[in-house]
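A.B. asks: If you use our numbering, the sequence shown corresponds to residues 607 to 908, in order.
Even glycine gets a Cβ: it sits at the ideal position worked out from N, Cα and C.
I have a structure here, written as structure tokens, and I will follow up with some questions on it.
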Amino acid sequence: MTSSSETHRSGFACFVGRPNAGKSTLTNALVGTKVAITSSKPQTTRHAIRGIVHRSDGQLVIVDTPGLHRPKTLLGERLNDLVHSTWSEVDVIGFCVPADQKIGPGDRHIAQELAKVTKHTPVVGIVTKTDLVAKHRVAEQLVAMQELMDFTEIVPVSAVDHFQMDVLSELLVRQVPEGPQLYPEGEITDEPEESLISELVREAALEGVRDELPHSLAVAIDEMSLREGYDNLVDIYVSLYVERSSQKAIVIGKSGERLKEVGERSRRQIQALLGSKIYLDLQVKVAKEWQRDPKQLRKLGF
Numbered sequence: 607m608t609s610s611s612e613t614h615r616s617g618f619a620c621f622v623g624r625p626n627a628g629k630s631t632l633t634n635a636l637v638g639t640k641v642a643i644t645s646s647k648p649q650t651t652r653h654a655i656r657g658i659v660h661r662s663d664g665q666l667v668i669v670d671t672p673g674l675h676r677p678k679t680l681l682g683e684r685l686n687d688l689v690h691s692t693w694s695e696v697d698v699i700g701f702c703v704p705a706d707q708k709i710g711p712g713d714r715h716i717a718q719e720l721a722k723v724t725k726h727t728p729v730v731g732i733v734t735k736t737d738l739v740a741k742h743r744v745a746e747q748l749v750a751m752q753e754l755m756d757f758t759e760i761v762p763v764s765a766v767d768h769f770q771m772d773v774l775s776e777l778l779v780r781q782v783p784e785g786p787q788l789y790p791e792g793e794i795t796d797e798p799e800e801s802l803i804s805e806l807v808r809e810a811a812l813e814g815v816r817d818e819l820p821h822s823l824a825v826a827i828d829e830m831s832l833r834e835g836y837d838n839l840v841d842i843y844v845s846l847y848v849e850r851s852s853q854k855a856i857v858i859g860k861s862g863e864r865l866k867e868v869g870e871r872s873r874r875q876i877q878a879l880l881g882s883k884i885y886l887d888l889q890v891k892v893a894k895e896w897q898r899d900p901k902q903l904r905k906l907g908f
């Protein structure tokens with residue numbers, strides 16, 4: 607790492623890739639703490655969450671976009687628009703392809719889209735999840751990546767066992783312009799607390815549920831305030847929206863067991879985030895076809 611008396615760089619980076627390519631896990635590993643939700647379900651990131659990487663020689667602000675995909679709903683179209691608008695605003699793009707999956711049509715589609723921006727924005731190829739495969743498989747994926755498009759650099763990494771994370775951090779910082787710190791030391795995200803809390807609740811609600819649920823689940827914070835007369839107790843009222851009554855039953859579970867688990871899991875993480883005790887009230891509501899309804903999408907913040 608360069609000493610702080612030398613050149614300091616600062617700028618914006620984003621990770622792109624198919625849904626579930628490991629972009630959120632990578633963001634969290636580089637930042638050093640959890641700022642983006644991770645889930646085994648694809649398409650779980652919905653907002654451009656910024657994670658801030660502090661180094662002695664630079665500061666990297668990571669914008670974590672949703673996975674680019676072929677949209678089937680209005681929500682899907684809006685998520686793709688968010689990806690394209692982010693690409694035009696960052697200094698460097700990391701294209702993530704997992705080591706354990708063959709390069710497919712989805713990756714080629716993204717490569718074609720990225721080819722339009724490579725003239726003015728460097729693209730670093732990142733082979734993620736190297737901990738899941740043998741070394742020869744990683745080598746094969748690196749060769750396949752070279753054939754996919756013209757990358758500025760290609761690097762294999764594993765966010766899980768921190769393999770080459772420092773190398774990736776250095777590569778990305780090298781691509782951003784010289785400049786002062788954009789955020790104060792110690793700040794890890796500019797995402798409002800309420801957004802982070804709703805993401806933590808949504809992540810907990812997605813754990814272990816059927817595949818049809820991720821796209822149909824939205825979370826909104828109805829009210830959040832310090833309880834009167836207490837200096838260390840925050841009351842948080844949350845609504846979880848699904849599209850059908852059958853989905854509501856899945857989220858709540860038999861005798862309310864699943865919802866209780868969701869509350870316990872998210873309460874622990876929210877308390878760690880806020881550094882105070884919380885009272886968490888979760889309500890599950892049906893908002894029919896909300897993904898296709900512009901008015902409901904606006905209400906839910908999309």
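Please confirm whether ASP887 has its beta-carbon closer than 8 Å to some beta-carbon of chain C.
C.D. replies: You won't find chain C in this structure, because it holds only one protein chain.
A.B. asks: Straight-line CA distance for ILE716 to HIS614?
C.D. replies: Using only the alpha carbons, I get a separation of about 32 Å.
A.B. asks: Helix, strand or coil: how does DSSP classify LEU888 here?
C.D. replies: Here LEU888 sits in strand by DSSP.
A.B. asks: Where does MET830 fall in DSSP's three states?
C.D. replies: In the structure shown, MET830 sits in a strand (DSSP, three-state: E or B).
A.B. asks: Between which residues of its own chain and ILE763 is the CB-CB distance below 8 Å, once the five residues before and five after are set aside?
C.D. replies: Contrary to the premise, residue 763 reads as Val rather than Ile in this sequence. Excluding sequence neighbours, VAL763 sits near LEU632, ILE732, VAL733, THR734, THR736, PHE769, GLN770, MET771, VAL773, LEU774.
A.B. asks: What three-state label does DSSP hand GLU784 in the structure shown?
C.D. replies: Looking at GLU784 - three-state DSSP - the assignment turns out to be strand.
A.B. asks: In chain order, what residues of the same chain lie with their CB nearer than 8 Å to the CB of PRO900, ignoring the 5 residues before and after it?
C.D. replies: Excluding positions up to five away in sequence, the list reads LEU680.
A.B. asks: Would you list, in sequence order, the uninterrupted beta strand (DSSP E) runs of no fewer than 3 residues that lie entirely inside the region 833 to 871?
C.D. replies: Complete beta strand (DSSP E) runs here, min 3: 839 to 848.
A.B. asks: Please state whether DSSP places LEU940 in a helix, a strand or coil.
C.D. replies: Outside the displayed range of the chain (607 to 908) lies residue 940, so it cannot be described from this structure.
A.B. asks: Of all the options GLU746, VAL730, VAL739, GLY623, which has the alpha carbon lying nearest to the alpha carbon of GLU776?
C.D. replies: When each option's Cα is compared against that of GLU776, the closest is VAL730.
A.B. asks: Taking only three categories from DSSP, how would you classify ILE909?
C.D. replies: The chain is shown only over 607 to 908; residue 909 falls outside these bounds and no answer can be derived.
A.B. asks: Threshold first: 3 residues or longer. Then list the beta strand (DSSP E) segments lying entirely within the region 709 to 771, N to C.
C.D. replies: As far as the region 709 to 771 is concerned, its whole beta strand (DSSP E) runs of at least 3 residues are 729 to 734, 759 to 762.
A.B. asks: What would DSSP say about LEU823, mapped onto helix, strand or coil?
C.D. replies: Coil at LEU823, not helix or strand.
A.B. asks: Excluding sequence positions up to five away, which residues of its chain have a Cβ less than 7 Å from the Cβ of ARG743?
C.D. replies: ALA705, listed in sequence order.
A.B. asks: When burial is assigned at 16 or more other CB atoms within 10 Å of the CB, is ARG874 buried or exposed?
C.D. replies: Exposed is the call here.
A.B. asks: Skipping 5 residues on each side, what residues in its chain have a beta carbon closer than 7 Å to that of THR608?
C.D. replies: Per-residue confidence for THR608 stands at a pLDDT of 43, beneath the threshold of 50, marking its modelled position as unreliable; no derived number is given.
A.B. asks: Measure the alpha-carbon distance for VAL779 versus LEU666 and round it to whole angstroms.
C.D. replies: C-alpha separation (whole angstroms): 6 Å.
A.B. asks: In angstroms with no decimal places, state the Cα-to-Cα distance between ALA878 and GLN747.
C.D. replies: Going by the C-alpha atoms only, they are around 38 Å apart.
A.B. asks: List the DSSP bridge partners of ARG873.
C.D. replies: Answer is none; ARG873 lacks a bridge partner.
A.B. asks: Report buried or exposed for ALA810, applying the criterion of at least 16 other Cβ atoms within 10 angstroms of its Cβ.
C.D. replies: With 16 or more Cβ atoms within 10 Å of its Cβ, ALA810 is classed as buried.
A.B. asks: So what's VAL703 in DSSP terms, helix, strand or just coil?
C.D. replies: Three-state result, VAL703: strand.
A.B. asks: Locate the beta strand (DSSP E) running through ALA619, then write down its first and last residues.
C.D. replies: Here the beta strand (DSSP E) through ALA619 covers 615 to 622.
A.B. asks: Pick out whichever of ASN634, LYS708, VAL840, TRP693 has its Cα sitting closest to the Cα of ALA721.
C.D. replies: Checked all of ASN634, LYS708, VAL840, TRP693; the closest Cα to ALA721 is TRP693.
A.B. asks: Could you spell out the range, first to last residue, of the alpha helix (DSSP H) harbouring LYS629?
C.D. replies: 629 to 637 is the span of the alpha helix (DSSP H), which, as asked, contains LYS629.
A.B. asks: To which residues does DSSP link LYS556 through a beta bridge?
C.D. replies: Because the chain in this structure spans residues 607 to 908, residue 556 falls outside the shown range and cannot be described.
A.B. asks: Tell me the DSSP bridge mates of LEU666?
C.D. replies: DSSP, once it has assigned bridges, lists GLY617, VAL659 as partnering LEU666.
A.B. asks: Expressed to the nearest angstrom, what Euclidean distance is found between the alpha-carbon atoms of VAL782 and GLU793?
C.D. replies: So the alpha carbons of these two residues sit roughly 19 Å apart.
A.B. asks: I believe GLY909 touches CYS702 by the beta-carbon criterion, under 8 Å. Please report the beta-carbon distance rounded to the nearest angstrom.
C.D. replies: No answer is possible for residue 909: it lies beyond the span of the chain, which begins at 607 and ends at 908.
A.B. asks: Let me know the secondary structure DSSP gives VAL696 once reduced to three states.
C.D. replies: VAL696 falls in the coil class under three-state DSSP.
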